[in-house]
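Residue numbers for the sequence shown, in the working numbering: 310 to 766. Idealized CB from N, CA, C, for every residue including glycine.
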Amino acid sequence: MAAERDRLHIILRGFAAPEPYRRPPRAIPGTRIPTPANRGQHGRQLQSALEQAGAAGLARRESEAVRVAGALDGIYVRFESFPDLDLALESLDPHRGRVHPELRAVRQVTIDGQTFEQAVVFVPDGQLGYFLGQVEAYLASADSDKPRNYNLIDRIQSIGLASLEELWTDPKAEFPVGDDAVWWEVWLRRRDGHEFERLKQFAEAAGAGVGVQTLGFSDRLVVLVRASRTQLSRAINVLDDVAELRRPKESAGLIALDPAVEQADWVDQLATRTTAAPPTAPAACVVDTGVYQAHPLFNGSLLSTDCHTCDPEWGLSVRHGHGTEMAGPALYGDMGSAMASGDPIHLRHRLESVKIMQRPSENPPHLWGALTAAATSRVEIQAPTRRRAFGMAVSAGRDAVGDLHAERIMVGQPTSWSATVDALAAGLAIDVTEEGMVFLGEGTTSFPSGRRQRRHV
310 MAAERDRLHI ILRGFAAPEP YRRPPRAIPG TRIPTPANRG QHGRQLQSAL
360 EQAGAAGLAR RESEAVRVAG ALDGIYVRFE SFPDLDLALE SLDPHRGRVH
410 PELRAVRQVT IDGQTFEQAV VFVPDGQLGY FLGQVEAYLA SADSDKPRNY
460 NLIDRIQSIG LASLEELWTD PKAEFPVGDD AVWWEVWLRR RDGHEFERLK
510 QFAEAAGAGV GVQTLGFSDR LVVLVRASRT QLSRAINVLD DVAELRRPKE
560 SAGLIALDPA VEQADWVDQL ATRTTAAPPT APAACVVDTG VYQAHPLFNG
610 SLLSTDCHTC DPEWGLSVRH GHGTEMAGPA LYGDMGSAMA SGDPIHLRHR
660 LESVKIMQRP SENPPHLWGA LTAAATSRVE IQAPTRRRAF GMAVSAGRDA
710 VGDLHAERIM VGQPTSWSAT VDALAAGLAI DVTEEGMVFL GEGTTSFPSG
760 RRQRRHV
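What follows is the structure in structure tokens.
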């Protein structure tokens, strides 16, 4: 028996109906590859381009002073399709023998409204003949309707020696400009387990920096490298391990695992690229365990006069780092992207800090609402005309609030703390006196100044 219908908002129109099986047509339709106007000329152009790429790659490698022990000699070759066509990637990655050409990176590029597919293949020395042989067989049968290897050759518009940018698989607009040192996410192809050592050997010779941590996949090893475009371009002359390049996105976790000395280097290079917002700019107010005002990343963004505490006996010294950790994202957003970008950063807002507790869950629960109200008072009295957003990354749970209040929180009932936050968010005034807190209605003007305000404890 079918279950009772209990989803009245879902309306089914019509029912399933059986249909007899029908065999699909033998010829499954697909995209027809446009035929080059002159296949013979097309094949000879690609043949010449392959030979030129081989000669240019050899000359580039011989002129390179850096040598990497254990690296395979070869060149990175770029294949580009005709507009709106895909390359025959399987044919570009033949997997023949112990040493063979390998497909490394594929990307789509748009030029003047037309889309092209680009593929970069690492061709070890002595293996360029694989592609030359494919073209020769194509030329030998160019007069037929379907020459040999036409599915590969008819799709290729041009061939050349690959550049660093053609190994970039993130959006083209994100490729680093200029020649300042920036952080790159370098994807290495796994071959013998010594890829990281070869990369470090290259970086030391080229004057680049390499992150300590790596991220491993079955066939790839991801490493952060700090280098200029010129420095990293030298890698594709002498290092066969590079598979692709990307912009670091999740670098914060890797940075946190670095030794303290290297973390300090990250901080220093970000601090030198950062310009603080002017004193009249809006502020992000961190309501937490206090913020370490002398931190290099807050230089110019957090004045000592904008650091407050709800209890004068606590002082402004920071005993627990949670508030400082929250202040970083409050000021910079994605810390990993900020550190890895290498670009100048012009901040548009500043920081304020109010210590609402010495350590997480340290204050008596019945004071939290009053302390939150007092925290907003401190910054508003100091800078009454400044625009600000409050951020309070502390919360309550059973262990934090005690058994007396836990039951209310468990069933979603309001507490004095949540009521205080609601009132402040709605713009209502709160009067904190020795007897307790009084929530004042909207439009109250009973204070001596004639405007709504919050007095601190």
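Asked, Found
"For Ser610 and Leu660, the rounded distance between their alpha carbons", "6 angstroms"
"Three-way DSSP call (helix, strand, coil) for Ser527 in this model", "coil"
"Span of the alpha helix (DSSP H), counted from its first residue to its last, around Tyr459", "459-462"
"8 angstroms Cβ cutoff met for Val432 and Leu401", "no"
"Pick from Glu494, Ala414, Ala603 that is closest to Leu530, judged by C-alpha positions", "Glu494"
"Helix, strand or coil at Lys664 [DSSP, three-state]", "strand"
"Alpha carbon of Ser755 to alpha carbon of Gly736, nearest angstrom", "With a pLDDT of 41 at Ser755, under the threshold of 50, the predicted position of this residue should be treated as unreliable, though the coordinate-derived value follows. Distance between the alpha carbons of Ser755 and Gly736 is about 16 angstroms."
"Assumed close pair Ser662, Cys616 - CB separation to whole angstroms, cut-off 8 angstroms", "5 angstroms"
"Cut-off 8 angstroms between Cβ atoms - residues of its own chain near Pro345, not counting five sequence neighbours on either side", "His351, Asp463"
"Rounded straight-line distance, which links the Cα of Phe484 to that of Arg507", "24 angstroms"
"Coil, strand or helix - Tyr385 by DSSP", "strand"
"Bridge-paired residues (DSSP) for Glu411", "Phe431"
"Paired residues, beta bridge with Thr419 - DSSP", "Thr424"
"Uninterrupted alpha helix (DSSP H) stretches inside the region 474-519 (no shorter than 4 residues)", "504-515"
"Simplified DSSP assignment, three categories, for Phe699", "strand"
"Contacting residues, own chain, Cβ-Cβ under 7 angstroms from Val720 (five flanking each side not counted)", "Because the pLDDT at Val720 is just 42, under 50, the model does not fix this residue reliably, and the point stays unresolved."
"Assumed close pair Ala552, Val534 - CB separation to whole angstroms, cut-off 8 angstroms", "About 13 angstroms; that fails the 8 angstroms criterion."
"Inter-stretch contact (C-beta, 8 angstroms, three-pair minimum) for the region 413-424 and the region 470-479", "yes"
"Ser467 - containing alpha helix (DSSP H), residue span", "Premise fails: Ser467 lies in the beta strand (DSSP E), 465-470, not in any alpha helix (DSSP H)."
"Cβ-Cβ distance between Ile654 and Ala684 below 8 angstroms", "no"
"Exposed unless 16 or more other CB atoms sit within 10 angstroms - verdict on Ala368", "exposed"
"Beta-carbon spacing of His658, Ala592 below 8 angstroms", "yes"
"Environment of Glu716 [buried if 16+ CB atoms lie within 10 Å]", "Confidence at Glu716 is low in this model, with a pLDDT of 39, below 50, so its placement is unreliable and the value that follows should be read with caution. The residue in question, Glu716, is exposed, as its Cβ has fewer than 16 Cβ neighbours within 10 Å."
"Outcome for Leu321 when other beta-carbon atoms lying within 10 angstroms are tallied against a minimum of 16", "exposed"
"Burial state of Tyr330, where buried means 16 or more other Cβ atoms lie within 10 Å", "exposed"
"For Thr614 and Ala728, the rounded distance between their alpha carbons", "29 angstroms"
"Cut-off 8 angstroms between Cβ atoms - residues of its own chain near Gln540, not counting five sequence neighbours on either side", "Ala490, Ala515, Gly516, Ala517"
"Euclidean distance between Cα positions of Ala358 and Glu389", "12 angstroms"
"Supposed close pair Val377, Val547 - CB separation, criterion 8 angstroms", "5 angstroms"
"Reference Val600; option with closest CA among Gly435, Leu381, His629, Pro621", "His629"
"The ligand PLP heavy atom lying under 7 angstroms from the CB of Leu355", "The ligand PLP is absent from the structure shown, which contains no ligand whatsoever."
"One or two residues paired with Val730 in a DSSP bridge", "Per DSSP, none; premise fails for Val730."
"Residues that Leu554 bridges to, as DSSP identifies them", "Trp477, Val495"
"Beta bridge counterpart(s) of Ile654 as assigned by DSSP", "Thr583"
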